[in-house]
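Notes follow the structure.
Protein chains: 2
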Amino acid sequence: MGLIVQKFGGTSVGNVERINNVANRVIEEVEHGNQVVVVVSAMGKTTDKLVEMAKEISSTSSKREMDMLLATGEQVTIGLLSMALLQKGHEAISFTGWQAGVRTESVHGNARIMDIDTLKIKKQLEMGKIAVVAGFQGMTADGEITTLGRGGSDTTAVALAAALSADRCDIYTDVTGVFTTDPRYIKGARKLKSVSYDEMLELANLGAGVLHPRAVEFAKNFQIPLEVRSSIEKETGTLIEEEATMEQSLIVRGIAFEDKITRVTIFGLPGTSGTLSGIFTLLAKNQINVDIIIQSITDEQTTNLSFSIKTDDLEETLDVLEHSKDKAGFDRVETESKLAKVSIVGSGMVSNPGVAAEMFEVLSDSGVQIKMVSTSEIKVSTVIIAEHMVEAVEALHVAFRLDERAAVQALGGR
Amino acid sequence: MGLIVQKFGGTSVGNVERINNVANRVIEEVEHGNQVVVVVSAMGKTTDKLVEMAKEISSTSSKREMDMLLATGEQVTIGLLSMALLQKGHEAISFTGWQAGVRTESVHGNARIMDIDTLKIKKQLEMGKIAVVAGFQGMTADGEITTLGRGGSDTTAVALAAALSADRCDIYTDVTGVFTTDPRYIKGARKLKSVSYDEMLELANLGAGVLHPRAVEFAKNFQIPLEVRSSIEKETGTLIEEEATMEQSLIVRGIAFEDKITRVTIFGLPGTSGTLSGIFTLLAKNQINVDIIIQSITDEQTTNLSFSIKTDDLEETLDVLEHSKDKAGFDRVETESKLAKVSIVGSGMVSNPGVAAEMFEVLSDSGVQIKMVSTSEIKVSTVIIAEHMVEAVEALHVAFRLDERAAVQALGGR
Chain A
1 MGLIVQKFGG TSVGNVERIN NVANRVIEEV EHGNQVVVVV SAMGKTTDKL VEMAKEISST
61 SSKREMDMLL ATGEQVTIGL LSMALLQKGH EAISFTGWQA GVRTESVHGN ARIMDIDTLK
121 IKKQLEMGKI AVVAGFQGMT ADGEITTLGR GGSDTTAVAL AAALSADRCD IYTDVTGVFT
181 TDPRYIKGAR KLKSVSYDEM LELANLGAGV LHPRAVEFAK NFQIPLEVRS SIEKETGTLI
241 EEEATMEQSL IVRGIAFEDK ITRVTIFGLP GTSGTLSGIF TLLAKNQINV DIIIQSITDE
301 QTTNLSFSIK TDDLEETLDV LEHSKDKAGF DRVETESKLA KVSIVGSGMV SNPGVAAEMF
361 EVLSDSGVQI KMVSTSEIKV STVIIAEHMV EAVEALHVAF RLDERAAVQA LGGR
Chain B
1 MGLIVQKFGG TSVGNVERIN NVANRVIEEV EHGNQVVVVV SAMGKTTDKL VEMAKEISST
61 SSKREMDMLL ATGEQVTIGL LSMALLQKGH EAISFTGWQA GVRTESVHGN ARIMDIDTLK
121 IKKQLEMGKI AVVAGFQGMT ADGEITTLGR GGSDTTAVAL AAALSADRCD IYTDVTGVFT
181 TDPRYIKGAR KLKSVSYDEM LELANLGAGV LHPRAVEFAK NFQIPLEVRS SIEKETGTLI
241 EEEATMEQSL IVRGIAFEDK ITRVTIFGLP GTSGTLSGIF TLLAKNQINV DIIIQSITDE
301 QTTNLSFSIK TDDLEETLDV LEHSKDKAGF DRVETESKLA KVSIVGSGMV SNPGVAAEMF
361 EVLSDSGVQI KMVSTSEIKV STVIIAEHMV EAVEALHVAF RLDERAAVQA LGGR
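Going down the list, the sequences are from chains A and B. For the record, in the first sequence the residue sitting at position 128 is 128 according to the UniProt record's numbering, with numbers rising by one throughout. For the record, in the second sequence the residue sitting at position 379 is 379 according to the UniProt record's numbering, with numbers rising by one throughout.
Printed below as a string of structure tokens:
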């Protein structure tokens with residue numbers, strides 16, 4: 001008998017029919033003789049609808065009250081899924097984040113899990129029940145409801161798998177696995193049989209969307225094997241584990257991309273140390289994720305600084321910069337929106353110099369101008385004009401032989 | 001400086017605009033220099049929608065999971081109302097039932113409040129904040145989420161007022177006060193300036209719908225003055241307090257009525273003591289409220305027993321009876337639905353014999369057949385065919401001089 005943690009996302013529980021379908025998936029594992037903990041997200045567009053109401057009421061919604069509001073989404077799902085399981089003759093019991101013992105730090109909107117007190121869940125599992133847990137949410141030591149940020153249900157699932165020493169953590173989504181690139185936009189996209197934690201981390205961080213990066217990090221730290229699979233199709237998914245044993249002949253494993261990127265440039269920043277960190281600390285405090293950062297020295301006294309953010313964070317970023325203008329002493333701020341980020345990812349890059357150069361050449365040949373570049377050991381990211389995003393990814397997908405035929409070859413004819 | 005508890009029902013917080021309106025009402029009290037605790041229900045038809053989804057999934061929904069599901073409704077409202085108050089420049093903080101320290105017994109779907117640990121709320125009030133509390137819900141000693149049953153938000157408000165020694169508890173509704181009878185159906189219905197707890201208790205119990213009976217009981221026990229007022233119209237409401245000082249010239253203060261009543265008759269029940277209590281204990285355990293009970297002896301060995309229930313509870317009642325048939329040893333069960341209950345209420349009845357007789361005469365003159373009768377010191381209830389309900393109430397309303405002109409006279413020309 002094993003202990004399996006299953007996670008079903010918002011689309012998988014989008015309506016009553018789908019919740020019944022999820023119940024069947026859960027029961028399959030139970031009937032294989034496993035103990036099952038199910039982690040679920042809010043139904044379909046519930047979270048978006050709640051955010052919309054909040055925006056109608058308040059221009060700058062309190063993050064504490066937003067957590068209060070959003071945490072209801074998953075609570076609805078756990079109630080309904082437990083009812084579905086009971087209706088189908090299986091003992092089930094639901095847990096909110098706080099009931100499941102998910103303790104987080106005291107940050108609203110984007111809290112990290114500190115630890116999980118699994119006592120209550122274990123007791124119910126031992127009584128033969130299926131534990132249905134609300135993802136995405138937890139409680140601080142003071143009894144405040146927190147949320148883990150978008151995609152946080154993945155993190156809940158992996159953290160629970162770690163805390164319960166689960167044998168497996170299955171992440172059910174609306175796609176059948178992790179692809180070389182997003183199949184919704186790129187025709188030749190192909191499903192990968194396995195990827196390493198680090199590759200997945202880069203892919204997730206870069207907006208591949210299948211898995212929350214913090215969840216992958218958690219899984220890596222606790223060496224929890226993850227399987228990304230479809231909640232609808234019954235086919236093998238993509239395994240995420242320490243070493244991607246297959247497909248090593250692929251230097252580039254995947255191409256991630258996202259639009260709605262804005263480049264912010266600060267002109268005439270004094271060269272004193274501390275100015276930079278001051279600005280980024282302030283942005284971080286406001287939960288704004290700064291991605292690529294480029295600093296260029298113009299003369300001896302001042303520097304220009306560019307960084308990329310999500311366009312959604314632009315207004316808040318400009319607020320923060322406006323407030324710190326006097327203290328930081330810079331000249332002016334310029335922004336360019338309607339940009340996109342395209343990144344190639346693969347562990348094979350480390351031992352293959354020239355991959356970045358090849359990427360730039362492909363983009364140049366396609367007439368795509370590169371606005372910003374950032375590299376790490378297993379990825380190269382470029383910021384380009386959003387309009388060119390899909391054609392750039394398509395060109396790279398072919399150039400790095402990720403399109404269907406080439407990839408099948410690389411996998412030895414599978 | 002006083003401490004006011006305000007309660008706003010589902011209609012009052014039905015949409016974003018109305019929530020903003022409620023925020024303004026709250027701020028008015030704050031600007032009068034009062035500390036304010038606001039108790040709110042779920043938005044509009046939220047609870048009904050959740051119940052509907054549950055019914056789609058499960059024919060006999062687990063009461064625990066139903067509580068898990070329904071408790072989300074108020075949690076959405078407290079988040080949004082707090083945001084609205086913050087947006088309008090007032091410090092506010094929301095509390096779920098469990099965060100507010102509302103401890104209940106371990107019954108799902110219809111729990112009673114055991115006590116309230118007001119420590120957290122008091123702390124926030126002292127810091128100058130408005131406390132926004134989710135009505136209708138609480139937590140057991142085991143950390144289980146419970147709900148107080150429909151209308152339970154009233155109970156939360158009164159219990160909080162008692163626990164906090166509040167100066168007043170204002171119940172805001174979609175009506176402007178307590179009426180002589182339901183103004184939605186009866187044209188001559190007139191607003192009362194005050195009623196006693198006992199009268200209100202009978203009116204509430206009889207389905208007048210304005211206030212939850214448990215809330216009135218709570219208020220009576222702790223002598224909390226309640227004011228029922230409109231959340232939209234700015235006019236004086238109805239005060240509920242120990243002695244209804246005004247309007248004493250009215251023998252009958254109000255007429256309550258509700259349809260969807262079913263009469264259940266058990267034939268051939270053995271005359272052994274214990275049989276009766278056994279059946280009613282079982283019904284009570286299943287949270288079925290039995291109202292009027294009539295027992296008639298047919299011969300020396302057996303009795304027939306009739307009682308009235310809400311038609312919604314019929315299926316469950318028949319289940320319970322079916323299961324206890326062998327043990328109780330009765331012959332058969334018959335039911336009659338499409339009935340209604342009409343009751344006259346007033347403290348003045350105690351000292352006025354013949355009020356019941358007058359009621360029966362009025363009904364008889366209107367050609368309305370009486371199926372069941374029950375009397376107490378301050379009310380007379382009759383069960384009649386639902387089809388005749390409105391005409392019966394109209395006839396009684398006029399006969400007992402509750403219609404507008406007569407009532408104004410009785411109040412000394414007010």
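The beta carbon of each residue, even a glycine, is placed where N, CA and C say it ideally should be. All values reported here derive from a predicted model rather than from experimental measurement.
With C-beta atoms as the reference, is B/E56 less than 8 Å away from A/V132?
no
In chain order, what residues of the same chain have a beta carbon less than 6 Å from the beta carbon of A/T156, not counting five sequence neighbours either side?
V39 and G135
Taking B/M127 as the reference, give the member of B/R103, B/V36 and B/S196 with the closest Cα.
B/V36
Just to confirm my understanding: we take B/Q75, look at its own chain, exclude 5 residues before and 5 after, and list those with CB closer than 6 Å. What are they?
T96 and A134
Does B/M349 have its Cβ less than 8 Å from a Cβ in chain A?
Judged by the 8 Å Cβ criterion, B/M349 is not in contact with chain A.
How many Å lie between B/M246 and B/F179 at the Cα?
Low confidence applies here, because B/M246 scores a pLDDT of 48, under 50, leaving its location unreliable and the question unanswered by this model.
From the DSSP output, which residues share a beta bridge with A/E336?
A/R263.
State yes or no: is the C-beta of B/T173 within less than 8 Å of the C-beta of B/V210?
yes
Closer than 8 Å, CB to CB, is B/S58 near chain A or not?
yes
Take B/G79 and list the residues in its own chain whose beta-carbon comes closer than 8 Å to its own, dropping the five residues that flank it on each side.
Taken in chain order, the residues that qualify are S94.
Return the bridge partner residues of A/D319 from the DSSP annotation.
According to DSSP, which records beta bridges pairwise, A/D319 is partnered with nothing at all.
If you compare alpha carbons, which of B/R253, B/N289 and B/V390 is closest to B/L402?
With distances taken between CA atoms, B/L402 lies nearest to B/R253 out of B/R253, B/N289 and B/V390.
Indicate the three-state DSSP secondary structure (helix, strand or coil) for B/E217 in the structure shown.
helix
With 16 other CB atoms within 10 Å as the buried threshold, where does A/I234 fall?
Per the sequence shown, residue 234 of chain A should be read as Lys rather than Ile. Exposed.
Check whether chain A comes within 8 Å of B/A54, counting only Cβ atoms and requiring the distance to be less than that.
Closer than 8 Å: yes.
Tell me whether A/Y185 is buried or exposed, calling it buried when 16 or more other Cβ atoms sit within 10 Å of its Cβ.
exposed
Does the stretch 342-359 of chain B touch the stretch 275-285 of chain B, meaning 3 or more C-beta pairs lie closer than 8 Å?
With a cut-off of 8 Å on Cβ pairs, the stretch 275-285 of chain B is not in contact with the stretch 342-359 of chain B, counting fewer than three such pairs.
Quick check on the DSSP output: what are the complete alpha helix (DSSP H) runs of length 4 or more inside the stretch 71-111 of chain B, in order along the chain?
With a minimum length of 4 residues, no continuous alpha helix (DSSP H) run stays inside the stretch 71-111 of chain B.
Any idea if A/M66 is buried or exposed, counting beta-carbon neighbours within 10 angstroms, 16 or more meaning buried?
buried
What does B/V30 reach in chain A if we use C-beta pairs closer than 8 Å?
None at all; the shortest Cβ gap to chain A is about 17 Å.
Can you find at least 3 beta carbon pairs, one from the stretch 2-19 of chain B and one from the stretch 385-396 of chain A, that sit closer than 8 Å?
Output reads no: the stretch 385-396 of chain A does not touch the stretch 2-19 of chain B.
For the stretch 12-70 of chain B, which segments carrying the alpha helix (DSSP H) assignment without a break, of at least 4 residues, lie completely within its bounds, in sequence order?
Counting only runs of 4+ residues, the alpha helix (DSSP H) found wholly inside the stretch 12-70 of chain B occupies 16-31 and 46-57, in chain order.
From A/S194, A/E334 and A/P270, pick the residue whose C-alpha is nearest to that of A/T303; which is it?
A/P270
Would you kindly check if the distance between the Cβ of A/V362 and the Cβ of A/A395 is under 8 Å?
Against a cut-off of 8 Å, the Cβ pair of A/V362 and A/A395 comes out as a contact.
Sort B/G329, B/E316 and B/L314 by Cα distance to B/Q301 and report the nearest one.
Nearest neighbour of B/Q301 by Cα position, chosen from B/G329, B/E316 and B/L314, turns out to be B/G329.
Among the residues of its own chain, which have a CB less than 6 Å from the CB of A/I379, if the five just before and after it don't count?
Reading off the sequence shown, one finds Lys at residue 379 of chain A, where the question assumed Ile. Same-chain partners within the cutoff: E202, S343 and V345.
Please list the terminal residues of the continuous beta strand (DSSP E) segment that includes A/E391.
Segment M389 to A399 is the alpha helix (DSSP H) holding A/E391; no beta strand (DSSP E) there.
For B/T11 and B/N21, I'd like the C-alpha separation in whole angstroms.
12 Å
Please list, in chain order, the chain B residues whose beta carbon lies closer than 8 Å to that of A/S12.
Residues of chain B passing the Cβ test: none, with the nearest at roughly 15 Å.
Please report the distance separating the alpha-carbon of residue 417 of chain B from that of A/F267.
Here chain B comprises residues numbered 1 to 414, so residue 417 of chain B is not present and cannot be evaluated.
Distance cutoff 8 Å, beta carbons only. Does A/N34 sit that close to anything in chain B?
no
For chain A, find out if any of its Cβ atoms is closer than 8 Å to the Cβ of B/S153; answer yes or no.
Cβ-Cβ to chain A under 8 Å: no for B/S153.
For B/E247, does the three-state DSSP call read helix, strand or coil?
Residue placement at B/E247 is poorly supported in this model, since its pLDDT is 47, which falls under 50; the coordinates still yield a value, given next. B/E247: coil per DSSP, three-state reduction.
Quick one, which of B/A256, B/R263, B/L160 and B/I293 has its alpha-carbon nearest B/A215's?
It is B/L160 whose Cα lies nearest to the Cα of B/A215.
Counting only Cβ pairs nearer than 7 Å, list the residues of chain B close to A/M83.
For A/M83, the chain B residues whose C-beta falls within less than 7 Å of its own C-beta are A54, I57, S58, S61, S62 and E65, listed in chain order.
Between which two residues does the alpha helix (DSSP H) containing B/T281 stretch?
T275 to K285
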